[in-house]
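A.B. asks:
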Amino acid sequence: MAENEEQYEDKSNYGADNIKVLKGLSAVRKRPAMYIGSTGIKGLHHLVFEVVDNSIDEAMAGYCTRVDVVIHKDNSITVTDNGRGIPVDMHASEGKSALEVVLTVLHAGGKFEEGSYSVSGGLHGVGVSCVNALSSWLKVTVHRQGKIWFQSYQRGVPDEPVKSIGESKKNGTIVSFLPDIQIFAETQEYHYDILSQRLRELAFLNKGITITLKDERDERFHEYCYPGGLVSFVEFLNENKAPLYKEAIYIQKTSNDIPVEIAMQHNDTYQENIFSFVNNINTVDGGTHLAGFRTAFTRTINNYANKNNLLKGKGKTKDIDLTGEDVREGLTCVVSVMIRNPQFEGQTKGKLGNSEAKSAVESVVGDVLGTFFEENPSIARKIVEKCISAAVARDAARMAKQLARRKGVLEGGGLPGKLADCSGRDPSMCELFLVEGDSAGGSAKSGRDRGFQAILPLKGKILNIEKARIDKVLANEEIRTIVQALGTGISEDDFRINDLRYHKIIIMTDADVDGSHIRTLLLTFFFRHMPKLIENGHIYIAQPPLFKIEKKKGKSKFHKYAFNEAEKDRIVKEMNVEKDSELVIQRYKGLGEMNPDQLAETTLQPDKRSLLQIQLEDVVEADNIFTLLMGEEVEPRRKFIEDNASNVKNLDI
Ligand code: 0RA
């Protein structure tokens, strides 16, 4: 008989051992948010990621190639991996199976040996024991060294000691759990998209590993496996853009014991799109590793360009000096480092603080990219040319900004003549309607409550921001007018959210292809140049009705509005008329067909209208979507609006 089994034979003492465990677990159950961030939707999904992270650790250590995640019908989860399996031998200090220790003791995350880049050092990094504590039940099965081991728990407390339940030729760990309804009171429902986005990201970051996600509620299934790793990631990010050169540049080297991995590719847009990761965790606010990349990237390109005389005579008066902004224009890049003791800083812990990461990335980029340029002169030249044109445009942009500033657009001096402003001055109470067309603008002006509602009619197309630099953006009259009305200025250096004059900015366009195009252009503009407005939830879409259904009954008349065909049919049925002639159904082709009263009643008055608030959850996804939206396809655009706008009908006003 195996040593382990003998040690578990005496079950009588088992209860006493668990007192310590219970104390640890009850701390987690008392303050779950401290351990997993929240008990809302984020925390709920965090449970899955916590378990998956352990499997990814196994993969990074070279022992695991596959992770399968299943969402069951009852919203319980199973994570299966083919790693070594959690050890089951006696844990010396705890006096019980290592498996039980890993599952019941806080921060026993499981790495007993030194030298692993455990991702559990990350944001909340609390280990499977937390998941166990916050699950109404959890079951773990381990295939290891010829046997199958099993233990089950309720709210973190083992039902019985670890036992062997059979033989197996495989290795691996299977964890199943059901989040505790007592903890996750808000929602227990898993979102396929939240899980799939992170799992896809993990598959990009860990090349070759296969991650699957299956949803038994609707039989959805996805398999993620990218032998190209970060190169595939960058090509995915550039999917709907035109790359400047065919293959992404790939850098991989360990410096000072810090593995650095980078992939990058320029495209023909003017946006910089850099994602950075530390131990597989997205550092949304960058940090030292990103700073190291930026410094080395700018220096390496300038060195190459100077060495090859590519900058001579390019400036108006003197030779050009390429700035960081110039070299990163249109750059899509993913920087990933592994660090033993990552220090995360900032309010949301999204910024890496370790200074050794800066020098490691700097040295790797300088070295490997320098060599790459020498060996691939045609690509190097293409990049330098793009940087030079960025530098030239930067000059033009500076002039445009100066001009705009003089005209008061950026300082928020005067207000545009076309704006019908409201009389209220408290931004938190004020709304700005961006209305398509002068005629709808006119109706909106007469129908509004001028106390807190301002109207800005827009005519003509707004420029396609995706393809324009800041100088062109500011040269566009419609955009200048919007910026002026908002009062915030534009772009990172000039944007002042505190000067925002309206806390609700409501896009009101026709329900046709043109209207949807204008709406998309506006959203893209806000996303690229005033992302804070979207992050802070200031951007809304008005939803004018499509139908008016009027019933004449003797002398009295009454009417209702419908937002879609189905609603119209339902209302017609409810009106229960004997003759069709008792009904007048009007279909609005555009906002312009509504008179001021109708517009007020359906689209302007807070207690009657329906607004969609724009939310952007995932930056990777958002960037992709915006690029996609600027294509000619109407369908993905429509779908975006549907997916990203959450209904906030009769908002709390
Ligand atoms: C502790 C030590 C070892 C592996 C693991 C934990 C481990 C944990 C999880 C959680 C999910 N899947 C997992 N796979 C492995 C090292 C084992 C060894 O030295 O053989």
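Numbering (the working numbering), first residue to last: 14 to 666.
Just so it is clear, CB atoms sit at the ideal spot from N, CA and C, and this is done for glycine as well.
#1: Sorted by chain position, which residues of the same chain lie with C-beta nearer than 6 Å to glutamate 236's C-beta, five sequence neighbours on each side aside?
#2: Going by CA-CA distance only, name the one from Tyr553, His530 and Gln611 that's closest to histidine 572.
#3: Can you give me the start and stop residues for the beta strand (DSSP E) that glutamine 360 sits inside?
#4: Figure out for me which residue from Thr308, Glu387 and Ala406 has the closest Cα to the Cα of arginine 370.
#5: On the premise that leucine 596 lies in contact with lysine 564, defined as a C-beta separation below 8 Å, what is that separation, rounded to the nearest angstrom?
#6: What first and last residue would you give for the alpha helix (DSSP H) that runs through methionine 277?
#7: With glycine 50 and histidine 59 assumed to form a contact (beta carbons below 8 Å), what rounded beta-carbon distance in angstroms separates them?
#8: Looking at C-alpha atoms only, which residue of Asn319, Met607 and Phe290 is the closest neighbour of phenylalanine 357?
#9: Any chance the CB of arginine 97 is under 7 Å from a heavy atom of the ligand 0RA?
#10: What beta strand (DSSP E) runs, 3 residues minimum, are completely inside the region 463-493?
#11: In whole angstroms, what separates the C-alpha of leucine 116 from that of phenylalanine 246?
#12: Given 7 Å as the limit, tell me if valine 141 has its C-beta closer than that to any heavy atom belonging to the ligand 0RA.
#13: Quick one: grab the DSSP three-state call for asparagine 286.
#14: With distance defined between alpha-carbon atoms, name the residue in Val448, Asn295, Phe306 and Gly56 nearest to alanine 198.
#15: Should asparagine 269 be counted as a contact of the ligand HEM given a C-beta to heavy atom distance under 7 Å?
#16: Considering only residues of the same chain and omitting the five flanking positions on each side of leucine 476, which have a CB-CB separation below 7 Å?
#17: Give a yes or no on contact between the region 580-588 and the region 509-516, applying the rule of three or more CB pairs nearer than 8 Å.
#18: Just confirm the distance between the C-beta atoms of phenylalanine 288 and valine 347, as a whole number of angstroms; I'd bet it's less than 8 Å.
#19: Could you compute how far the alpha carbon of lysine 86 sits from the alpha carbon of aspartate 593?
#20: Tell me the rounded alpha-carbon separation between alanine 80 and tyrosine 553.
#21: Taking asparagine 482 as the reference, which of Ile503, Tyr317 and Ala410 has the closest Cα?
#22: In this structure, what does DSSP give as the bridge partners for arginine 233?
#23: Taking 8 Å as the threshold, find out whether the region 444-461 comes into contact with the region 522-540 through three or more Cβ pairs.
#24: Nearest CA to the CA of arginine 42: which residue from Ile194, Ile99, Ile187 and Thr223?
#25: Examine the ligand 0RA and report whether any of its heavy atoms sits within less than 7 Å of the Cβ of glutamate 71.
#26: With a threshold of 8 Å, are at least 3 pairs of Cβ atoms found where one atom belongs to the region 383-392 and the other to the region 335-352?
#27: Of all the options Leu604, Ile518, Phe538 and Ser459, which has the alpha carbon lying nearest to the alpha carbon of aspartate 527?
#28: Mind checking whether glutamate 229 and valine 83 have CB atoms under 8 Å apart?
#29: For the ligand 0RA, is there a heavy atom less than 7 Å away from the beta-carbon of serine 68?
#30: I'd like to confirm the pairing. Which residues does DSSP put opposite proline 557 in its beta bridges?
#31: Looking at C-alpha atoms only, which residue of Val114, Trp162, Leu335 and Gln158 is the closest neighbour of valine 141?
#32: Compute every distance between the C-beta of valine 188 and the non-hydrogen atoms of the ligand 0RA, then say whether any falls below 7 Å.
#33: If you count every other CB in all the chains shown that lies within 10 Å of the CB of serine 9, and 16 or more means buried, which is it?
#34: Give the range of the alpha helix (DSSP H) segment to which threonine 313 is assigned.
#35: For glutamine 164, which beta-bridge partners are listed by DSSP?
C.D. replies: This is what the structure gives:
#1: Thr225
#2: Gln611
#3: From DSSP, glutamine 360 is part of no beta strand (DSSP E); its letter is neither H nor E.
#4: Before going on, a small fix: residue 370 reads as alanine here, not arginine. For the residues Thr308, Glu387 and Ala406, the minimum Cα distance to alanine 370 belongs to Thr308.
#5: 6 Å
#6: It is not in any alpha helix (DSSP H) - methionine 277 instead sits in the beta strand (DSSP E) that spans 271-279.
#7: 6 Å
#8: Phe290
#9: yes
#10: 466-471
#11: 33 Å
#12: yes
#13: strand
#14: Gly56
#15: In terms of ligand content, the structure shown lacks the ligand HEM and carries the ligand 0RA instead.
#16: Lys485, Val486, Asn489 and Ile492
#17: no
#18: 5 Å
#19: 46 Å
#20: The sequence given here places valine at residue 80; alanine does not occur at that position. Rounded to the nearest angstrom, the two C-alpha atoms are 39 Å apart.
#21: Here residue 482 turns out to be arginine, not asparagine, going by the sequence shown. It is Ala410 whose Cα lies nearest to the Cα of arginine 482.
#22: Asp228
#23: yes
#24: Ile194
#25: yes
#26: no
#27: Leu604
#28: yes
#29: yes
#30: DSSP lists no partner for proline 557.
#31: Val114
#32: yes
#33: Because residue 9 is not part of the residues shown, which for the chain are 14 to 666, the question remains open.
#34: 301-320
#35: Val153
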